[in-house]
Amino acid sequence: MRTIAEIESKQKDQYVVLNNKEENGITWAALPKEAKSILEWTEHVYTGQRQILVIERREPFTRFGLNIPVTDYLFEEILAYIAASNYYSYDINGDAVKVVLKKKTEMAC
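In this text, residue positions in the sequence shown follow the working numbering: the first is 254, and each later residue adds one.
Written as structure tokens, this is what we have:
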């Protein structure tokens with residue numbers, strides 16, 4: 254049986270982890286709007302079909318009039334989010350990451 258001190262310590266550790274995740278951009282709400290705008294294209298805005306995105310560090314992300322410069326900071330925020338998410342498959346190749354939205358049957362609940 255655990256003591257109250259052990260339980261409080263574990264709760265404090267969990268609180269710190271959750272706060273760090275938010276600070277590191279791992280939650281959708283904490284992502285910069287530019288990162289959200291890019292990741293929303295994993296499902297085509299007009300057709301709803303899944304798409305493969307290639308996001309390159311220090312290169313602009315362009316889609317239908319959208320032109321977002323991918324800075325080092327933005328690239329790292331996107332990587333942190335997709336790495337922690339159950340909704341994306343990704344492949345990192347140097348300064349580029351290939352991202353695809355998983356099928357609904359592949360998503361872990």
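C-beta atoms are modelled at their ideal positions from N, C-alpha and C, and glycine is treated no differently.
| Item | Value |
| --- | --- |
| To test your reading of the DSSP string, which unbroken beta strand (DSSP E) runs of 3 or more residues are found completely within the region 309-351? | 313-316, 319-322 and 341-346 |
| Determine the extent of the alpha helix (DSSP H) in which A283 is found, giving its start and end residues. | Element bounds for A283: n/a, residue is neither H nor E. |
| Roughly how many angstroms separate the alpha carbons of E275 and L292, rounded to a whole number? | For E275, the predicted model reports a pLDDT of 44, less than 50, meaning its position is unreliable; a value from the coordinates is still stated below. Rounded to the nearest angstrom, the two C-alpha atoms are 17 Å apart. |
| Less than 8 Å between CB atoms is the rule here; does A333 satisfy it with respect to chain B? | Of the chains in the structure shown, none is chain B; there is only one protein chain. |
| Can you tell which of K351, V353 and A337 has its C-alpha closest to the C-alpha of I279? | A337 |
| Excluding five sequence neighbours on each side, which residues of the same chain lie with their C-beta closer than 8 Å to the C-beta of V363? | Only positions 254 to 362 of the chain appear in the structure, and residue 363 is not among them; the question remains open. |
| Using 8 Å for Cβ pairs, my map puts F314 next to I308. What's the rounded Cβ distance? | 6 Å |
| Looking only at C-alpha atoms, which of T300, K357, I321 and E329 sits nearest to V350? | E329 |
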